[in-house]
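First comes the structure, then the notes that go with it.
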Amino acid sequence: MYADRLFNALERNDPAPGQLLVAAPDVLAPHYNRSVILITEQHAGHTYGVDLTKRSEVAVFNVMPEWLPVVAKPQALYIGGPHNQQAAIGVALTKQGVDIEKQPALSRLAPRVALVDLRVGPDAVTELVEGMRFFAGHFEWGPGELDEEIDRGEWYVAPALPQDVVSSGSTDTWSDVMRRQAMPLPLFATFPRYIDEDN
């Protein structure tokens, strides 16, 4: 294993809302392998985020049809993480010129990236967003847990870009994020996915 040496040898960014957690190439845990997690919230020492890479076979039309006009293709529900999968989290790419801070239905994460308050309904955000993703569930770390994983070299922390949220179905988000980092990370962008042969 070399993840600890690879990631810890690089300059470290602090995890914060709007940052990405990029899984180390050789992380073997199936739920982390080649994951790119967008940090959505930090509160009382806890960190929350959604995995941008795990698309399900469930169509948004089947579970939240009223939101379909604002959902980016592929219009599928994504698996945000193992916790609270009965609840949906909406993340949007806003239109150019939208001031997220002035929109009550939006909470800014990064430039043109925002959490959406789903209680407002789609009509309240249709003119504000260019596309959305819906995530069932989320990842959660208790006080100190994420820092320990980063210290072990399991995650690289990087800024999120707008296209990360609404990438096309053919996009390999993990590889794309790795390619745009400082060397030597682009060299590992084609590292193969870990396959658990026991499952």
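Oh and the sequence shown: position 120 is 120 in this note's numbering, straight run, nothing missing.
By construction, the Cβ of each residue, glycine as well, lies at the ideal position given by its N, Cα and C atoms.
Remember, predicted model here, so these are calculated numbers, not experimental data.
Residue i classed as buried or exposed, judged by whether at least 16 other C-beta atoms fall within 10 angstroms
| i | result |
| --- | --- |
| Arg200 | As displayed, the chain neither begins before 1 nor continues past 199, which places residue 200 out of reach and without an answer. |
| Thr190 | exposed |
| Gly142 | exposed |
| Lys73 | exposed |
| Met178 | buried |
| Val63 | exposed |
| Ala87 | exposed |
| Pro17 | buried |
| Pro192 | exposed |
| Gly80 | buried |
| Ala110 | buried |
| Gly144 | exposed |
| Met1 | With a pLDDT of 47 at Met1, under the threshold of 50, the predicted position of this residue should be treated as unreliable, though the coordinate-derived value follows. Its Cβ having fewer than 16 others within 10 Å, Met1 is exposed. |
| Lys54 | buried |
Through-space distance from residue j to residue i, alpha-carbon basis
| i | j | result |
| --- | --- | --- |
| Ile37 | Ser168 | 17 Å |
| Ile100 | Ser107 | 7 Å |
| Gln85 | Val22 | 22 Å |
| Asn220 | Trp155 | Shown here, the chain extends from 1 to 199; a query on residue 220 therefore has no answer. |
| Leu6 | Ala182 | 12 Å |
| Leu20 | Gln42 | 13 Å |
| Pro69 | Gly137 | 22 Å |
| Glu197 | Val98 | A caution first: Glu197 carries a pLDDT of 44, below 50, which makes its placement in the model unreliable, though a value can still be read off. About 47 Å. |
| Asp117 | Asp172 | 28 Å |
| Leu187 | Phe134 | 31 Å |
| Phe61 | Leu10 | 43 Å |
| Ser175 | Leu128 | 29 Å |
| Gly45 | Val157 | 18 Å |
| Val27 | Trp67 | 35 Å |
Residue of the options minimising C-alpha distance to residue i
| i | options | result |
| --- | --- | --- |
| Val166 | Leu52, Asn62, Leu146 | Leu52 |
| Gln96 | Pro25, Pro162, Asn8, Phe134 | Pro162 |
| Ala29 | Pro184, Pro186, Ala160, Glu149 | Glu149 |
| Val58 | Thr47, Gln75, Val50 | Gln75 |
| Val91 | Ala105, Asp26, Glu11 | Ala105 |
| Val258 | Gly49, Ala160, Glu130 | Shown here, the chain extends from 1 to 199; a query on residue 258 therefore has no answer. |
| Ala24 | Leu109, Arg152, Leu128 | Arg152 |
| Leu115 | Phe139, Ile89, Lys102, Pro159 | Ile89 |
| Ala160 | Val27, Gly49, Asn8, Ser170 | Gly49 |
| Met132 | His83, Gly45, Tyr78, Pro184 | Tyr78 |
| Thr47 | Arg180, Pro65, Glu140 | Glu140 |
Residue i, DSSP secondary structure in three states
| i | result |
| --- | --- |
| Gln75 | coil |
| Phe191 | coil |
| Ala124 | helix |
| Ser167 | coil |
| Leu20 | strand |
| Asp198 | With a pLDDT of 47 at Asp198, under the threshold of 50, the predicted position of this residue should be treated as unreliable, though the coordinate-derived value follows. Correct three-state label for Asp198: coil. |
| Val27 | coil |
| Glu57 | strand |
| Asn8 | helix |
| Ser107 | strand |
| Pro162 | helix |
| Asp147 | helix |
Chain D contact for residue i (CB, 7 Å cutoff)
| i | result |
| --- | --- |
| Ser175 | Among the chains of the structure shown, chain D does not appear; only one protein chain is present. |
Meets three-Cβ-pair contact criterion under 8 Å: the region 116 to 127 and the region 24 to 33: no
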